[in-house]
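Before any comments, here is the structure.
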């Protein structure tokens, strides 16, 4: 039986068929249109509705944008020009941006010192790059480490000794930790290192700085008060400091929440859930209205710093949840392998777990940052002049009374560019992590 | 399985001394209500190669994981290299740094290169200077025959290579005992051999080895004792020849017929 | 056997065991953590007590019972300035909840539509939705709230412009909705005698739909026959209520807004502040929900729909029985956390002057009584209560749908 069947179905191809072009209906613009716009009646309806909507929006927005006036001293002047040119005022008055953009970006920062803010901004970009792209030379990380201190010095002015002394505090703490860690347990080393650092910051550092300031006032820059900061700059400062400072706190909270120690876990969960349960605005009001109640009597420090503290606490709760996600994504085997090699808890965390968990968490961290960055606009409610508050201030000015959309578009565009770029980065990284060698 | 045909093994070198490496007495362990390990008694002499077999869920992995305290036992005594595993963390750290372990899924650290994987523990646990640690690492990487991969990341290696790196990583701590937890069961068939060869070499050098595996060929060839576990108990233990050719217990017979039957 | 070190046998308890012995280690760390935590708390409380002492204040919640002496223009429950601060706070809380609930509903509708359309095969629609999502997601919600407010207040629709024979502006939807720059007037329902019967009929027909669903399912399982469920349910939904409505002589009427003098009267008045807040929050959150819906649908691998198709199921059944049950598991948790965000963002009412919880308790009450600590504390607790309620709902849901896995 099988013999006959085999002969029947046996087949050998002797010539290879050439490629044929597909039928006409499967080619070109027509195909694209049919598939993407008119594949069925519903799709066609959607297309028509979309075109109508698009036309209505663009026909009113485009002339408004491109017919706008770029050069005028006030809204009234603007309208005069427009009336003259078009006979009506349905066009933008971009003049407000040409006149006030510096204020929107830098707030009330002294004009002669703009270069400092710009240098700080460029440094920030350089400092962030090696964190975001791991194929850059690792030496750039030194810029990242130095950046916070340089930024404080550049933005607020004074001599370089102040920020340097804070940095020295970290170095002393680090050295103390590694020395004690070698002899005794990590916990003791950690506690001791923190204590030594605090002692340096509170008691020794300030007097050293004073002495050095008097002796060699190195890199003395004109002092700028916090209330002179504003605009886009203050959003960046608050956003970046908040996210950078919240990282270590977030790590500690995440580890605490993951731990088996009931009390530690409860404290961390309580903190995280509390912060995540209340709106940021209540925390900002806390910073401006009642934070002083909780501090030792007669300590006053400026509002910007108080806001940064609150924003940091706020961000750290969200950061903790992001990092917890990263920790949960690590296979259990990594913990076991670290244990089996004899690494203790802290070494395992530092050398094996955290480097991996943080890497997985970067997209989440970036998303947290986008959220935080957008939320920095809320500081307008407590008297800090961010871009939105400045737009109100500009509008309160008699020259620009009644101007809304030009300012909103400008501010919105700045935020959009920053946030969109970051969200694209985080999506790119997510794709990359998914395909990376694991 | 006929590894012996491919490779002649000098069994005479694998000497077993009288010194006791591991002693487990009356060990019990529960997961909640479930009694996973029931009254385990086991003495391992230095230089012994022990293969632990048994159906899945029989507690064999749990048992060897108790030896370096990845799992905590609740009753009985485990003495490893003269140190009792108790709640004292110092003892636990000491034992862990002297007992090497290889896992089913290798568990290499994916963010570190092969070389860094191997030097991590010597540097941070043994406080070996970096240069020395790297020399040791290269020595063992040569031994597992992949020194050329030292600069790569684990994700760039095949499964078999990864497992050999994992063995090298353990060896860098100069362990006196090696534990293997199903080292070949996550590997493709053609990679199993290269890992087993490495393990055989290790055995020839007189390493004390406890190995949970389903590779019965390896057991026949290298082990000087085979332990059969079922339902959390040691059911039978014997020399490989006797174990395979003349199993005593019904459960052992059933198990052997199932895994050797095809 | 060489040495055996057993801490229990040689020399009893040593101090180093507190750190190195797993039996005591966790207790040691927890005690240290607890002490540190209590010390911080004590430090804060001590400072607060001293600072209050310096200012001559105390902590006292009795102000909540005293008359508030201020008015709230937007209220869901009766309130006037003689009522207590506590009642004012409750009015504010209800306003917060009102805008939150309305916002969640609208945001969900917008989000689902935008999310589904973004996945549609129609290139143009998908792109437009992508532009919507990306522009709303990447611009602060506060800016959106201000922008929506500006749209309402700056539009050229003063109530008086509706007057006269050839008025500049006119009402919409058959003269039932008046959108003006002072606010929007919509028809208000008027409940006449017997109107309760209509409501009862409607509720009963909802019950009927549920009962029919049960019956139809049982019939399907017993006989394998399917009834045209959708049409029958629609019938039960509409027909009885309408019949009763007309039989009783249309007892539920509409009060339409009417132009009286220079302003509208009658109907329900929706303030611009509320509309702006509501729409801005909805569109902003809707953009996030659109992304959640989209990724939820994408997360269900095409293998699932292929498997379902291979079993011979029609696309609509595949959607209902295979894709949606799985997609909802992915969608609902982040959806609820978006609801949470929306509720918290409603505190930005401050920007437009909508009287929410922050504006009453954390605003006027705080300023007139000068009790910052008490007001802030109470306000945070109320917000926390709302958030925890929402998130515990989510946890409950998560537990109930968790896939059973080994």
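Residue numbers (full-length UniProt numbering), protein chains in the order written: chain W, 1 to 438; chain S, 1 to 262; chain P, 1 to 406. Positions of the beta carbon are idealized from the N, C-alpha and C atoms, including for glycine. Model, not experiment: these values are computed from the prediction.
Rounded separation between residue i and residue j - CA only
{"i": "residue 369/W", "j": "residue 294/W", "result": "28 Å"}
{"i": "residue 226/W", "j": "residue 303/W", "result": "8 Å"}
{"i": "residue 261/P", "j": "residue 159/P", "result": "9 Å"}
{"i": "residue 58/P", "j": "residue 44/P", "result": "15 Å"}
{"i": "residue 367/P", "j": "residue 393/W", "result": "24 Å"}
{"i": "residue 3/P", "j": "residue 79/S", "result": "Residue confidence is low: residue 3/P scores 39 on pLDDT, short of 50, so the model does not pin down where it sits. Its coordinate-derived value is still stated next. Approximately 10 Å between the Cα atoms of the pair."}
{"i": "residue 351/W", "j": "residue 124/S", "result": "9 Å"}
{"i": "residue 250/S", "j": "residue 243/S", "result": "12 Å"}
{"i": "residue 372/W", "j": "residue 178/S", "result": "50 Å"}
{"i": "residue 6/P", "j": "residue 82/S", "result": "Note on residue 6/P: pLDDT 45, under 50, position unreliable in the model; the coordinate value appears next. Cα-Cα distance, rounded: 11 Å."}
{"i": "residue 256/W", "j": "residue 112/S", "result": "26 Å"}
{"i": "residue 292/P", "j": "residue 388/P", "result": "22 Å"}
{"i": "residue 312/W", "j": "residue 376/W", "result": "12 Å"}
{"i": "residue 79/W", "j": "residue 281/P", "result": "33 Å"}
{"i": "residue 198/W", "j": "residue 47/P", "result": "20 Å"}
Chain-ordered chain P contacts of residue i [CB-CB under 8 Å]
{"i": "residue 360/W", "result": "By Cβ distance, chain P contributes nothing, its closest Cβ being about 18 Å from residue 360/W, past 8 Å."}
Nearest residue (CA-CA) to residue i, options the options
{"i": "residue 324/W", "options": "297/W, 360/W, 421/W, 263/W", "result": "360/W"}
{"i": "residue 145/W", "options": "124/W, 42/W, 310/W, 335/W", "result": "124/W"}
{"i": "residue 166/W", "options": "224/W, 151/W, 411/W, 179/W", "result": "151/W"}
{"i": "residue 282/W", "options": "289/P, 347/P, 149/P, 325/P", "result": "347/P"}
{"i": "residue 416/W", "options": "132/P, 376/P, 222/P", "result": "132/P"}
{"i": "residue 419/P", "options": "389/P, 376/P, 296/P", "result": "One cannot answer for residue 419/P here, as it falls past the ends of chain P, which runs 1 to 406."}
{"i": "residue 224/S", "options": "238/S, 71/S, 24/S, 130/S", "result": "238/S"}
{"i": "residue 100/P", "options": "177/P, 276/P, 150/P", "result": "276/P"}
{"i": "residue 334/W", "options": "150/S, 253/S, 104/S, 134/S", "result": "104/S"}
{"i": "residue 249/W", "options": "272/W, 260/W, 231/W, 266/W", "result": "272/W"}
{"i": "residue 203/P", "options": "229/P, 242/P, 225/P, 266/P", "result": "242/P"}
{"i": "residue 181/W", "options": "414/W, 421/W, 346/W, 12/W", "result": "346/W"}
{"i": "residue 234/S", "options": "67/S, 63/S, 166/S", "result": "63/S"}
{"i": "residue 92/W", "options": "214/W, 72/W, 130/W", "result": "72/W"}
{"i": "residue 138/P", "options": "411/W, 429/W, 432/W", "result": "411/W"}
{"i": "residue 36/S", "options": "57/S, 43/S, 86/S, 149/S", "result": "57/S"}
{"i": "residue 135/S", "options": "145/S, 119/S, 22/S, 43/S", "result": "119/S"}
{"i": "residue 401/W", "options": "305/W, 262/W, 74/W", "result": "74/W"}
Within chain S, partners of residue i - CB distance below 8 Å
{"i": "residue 20/P", "result": "88, 89, 90"}
{"i": "residue 25/P", "result": "89"}
{"i": "residue 131/W", "result": "The contacting residues do not exist; residue 131/W stays about 15 Å from chain S at best."}
Chain W residues whose Cβ lies nearer than 9 Å to that of residue i
{"i": "residue 358/P", "result": "279, 281, 282, 285"}
{"i": "residue 221/P", "result": "The contacting residues do not exist; residue 221/P stays about 34 Å from chain W at best."}
CB-CB length for residue i against residue j, believed under 8 Å
{"i": "residue 69/P", "j": "residue 81/P", "result": "5 Å"}
{"i": "residue 110/W", "j": "residue 224/W", "result": "7 Å"}
{"i": "residue 195/P", "j": "residue 252/P", "result": "5 Å"}
{"i": "residue 210/S", "j": "residue 52/S", "result": "7 Å"}
{"i": "residue 196/S", "j": "residue 215/S", "result": "6 Å"}
{"i": "residue 193/W", "j": "residue 219/W", "result": "That pair is no contact at about 29 Å."}
{"i": "residue 79/P", "j": "residue 88/P", "result": "7 Å"}
Partner residues on chain S for residue i, Cβ-Cβ distance less than 9 Å
{"i": "residue 337/W", "result": "101, 103, 106, 107, 108, 109, 166, 169"}
{"i": "residue 355/W", "result": "109, 111, 112"}
Residue i beta carbon near the ligand SAH (any heavy atom closer than 8 Å)
{"i": "residue 393/P", "result": "As presented, the structure is devoid of all ligands, the ligand SAH included, so that no description of it is given."}
Cross-chain neighbours of residue i in chain S, by beta carbon under 7 Å
{"i": "residue 92/W", "result": "Neighbours of residue 92/W on chain S: none; closest Cβ ~51 Å, over 7 Å."}
Neighbour list for residue i in chain W, Cβ cutoff strictly below 8 Å
{"i": "residue 121/S", "result": "341, 342, 343"}
{"i": "residue 17/P", "result": "By Cβ distance, chain W contributes nothing, its closest Cβ being about 12 Å from residue 17/P, past 8 Å."}
Listed by chain order, chain W residues near residue i by CB distance under 7 Å
{"i": "residue 142/P", "result": "377, 378, 388"}
{"i": "residue 287/P", "result": "Going along chain W, no residue has its Cβ under 7 Å from residue 287/P, so there is no contact; the nearest lies around 12 Å."}
Discussion item. List, from N- to C-terminal side, the alpha helix (DSSP H) runs of 4 residues or more that fit wholly inside the stretch 291 to 350 of chain W.
Written reply: 291 to 294, 303 to 329, 332 to 340
Discussion item. If we require 3 or more residues per run, which beta strand (DSSP E) segments fall completely within the stretch 20 to 47 of chain S?
Written reply: 20 to 31, 34 to 45
Discussion item. If we require 3 or more residues per run, which beta strand (DSSP E) segments fall completely within the stretch 189 to 246 of chain S?
Written reply: 208 to 212, 225 to 230, 233 to 238
Item to complete: List in chain order: all unbroken alpha helix (DSSP H) runs of 4+ residues lying wholly within the stretch 183 to 220 of chain W.
Response: Those alpha helix (DSSP H) runs which fall completely within the stretch 183 to 220 of chain W and span 4+ residues are 186 to 199, 205 to 215.
Item to complete: At 4 residues or longer, and completely inside the stretch 76 to 154 of chain W: list those alpha helix (DSSP H) runs for me, N to C.
Response: 95 to 106, 114 to 132
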